[in-house]
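**Student:** Here's a structure for you.
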Amino acid sequence: MTNGITLDAGGLIALDRNNRRIIALLERATELGLRITIPATALAQAMRSPARQARLSRLIRHVSTDLVSLNGPDATAVGLLMARTGTADIVDAHVVLCAQRTGQAVVTSDPDDLRRLDASLKLIST
207 MTNGITLDAG
217 GLIALDRNNR
227 RIIALLERAT
237 ELGLRITIPA
247 TALAQAMRSP
257 ARQARLSRLI
267 RHVSTDLVSL
277 NGPDATAVGL
287 LMARTGTADI
297 VDAHVVLCAQ
307 RTGQAVVTSD
317 PDDLRRLDAS
327 LKLIST
């Protein structure tokens with residue numbers, strides 16, 4: 207594991223669906239004192255009913271979790287990344303930007319999409 211993990215929407219959905227591998231990964235990250243990054247754009251794709259998504263709601267409130275908004279400078283960086291790679295998914299590009307910035311591995315259900323944006327990312331498939 208790197209210095210933490212970034213979760214894309216697929217990783218968040220896997221957690222919400224009680225994926226034991228993702229739960230174990232998050233528990234291990236917490237034990238090691240690693241940061242967990244959640245791009246707000248990925249959260250928007252995964253969050254549908256906070257009252258019914260208890261695991262997800264707890265994770266975003268956890269002390270080791272960083273919820274990263276898509277602010278103006280990051281929106282520009284996301285646009286430039288999409289232009290450079292010929293892609294169009296804002297959420298994927300935001301996830302990649304967050305992972306690049308933190309040096310974290312990405313928990314994803316779409317490794318091929320993220321590899322198009324940055325072939326050097328460490329990816330953990332759900």
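Quick note, our numbering runs 206 ahead of the 1-based positions in the sequence shown. For each residue, glycine too, the CB sits at the ideal point set by N, CA and C. Remember, predicted model here, so these are calculated numbers, not experimental data.
1) Hey, out of R261, T247, L265, S270, whose CA is closest to L240's CA?
2) Pairing CB atoms from the segment 313–323 with CB atoms from the segment 217–228, are three or more of them under 8 Å?
3) Do A325 and L303 have their C-beta atoms closer together than 9 Å?
4) Go ahead and label D222 buried or exposed: buried means 16 or more other beta carbons lie within 10 angstroms of its beta carbon, across all protein chains shown.
5) What whole-angstrom Cβ distance do L262 and M253 have, given they're in contact under 8 Å?
6) Give the DSSP-derived three-state secondary structure of S263 in the structure shown.
**Tutor:** Quick look at the numbers:
1) Position 34 of the sequence shown, counting from 1, holds the residue named residue 240. Among R261, T247, L265, S270, the Cα nearest to that of L240 is on S270.
2) yes
3) Position 119 of the sequence shown, counting from 1, holds the residue named residue 325. Position 97 of the sequence shown, counting from 1, holds the residue named residue 303. No, Cβ-Cβ distance for A325 and L303 is not below 9 Å.
4) By 1-based counting over the sequence shown, the position of residue 222 is 16. Flag for D222 reads buried.
5) The count along the sequence shown starts at 1 and reaches residue 262 at position 56. The count along the sequence shown starts at 1 and reaches residue 253 at position 47. Right, the Cβ-Cβ distance comes to about 6 Å (below 8 Å), so this counts as a contact.
6) For the purposes of this step, residue 263 is taken as residue 57 along the sequence shown, with counting starting at 1. Note: S263 maps to helix in three-state DSSP.
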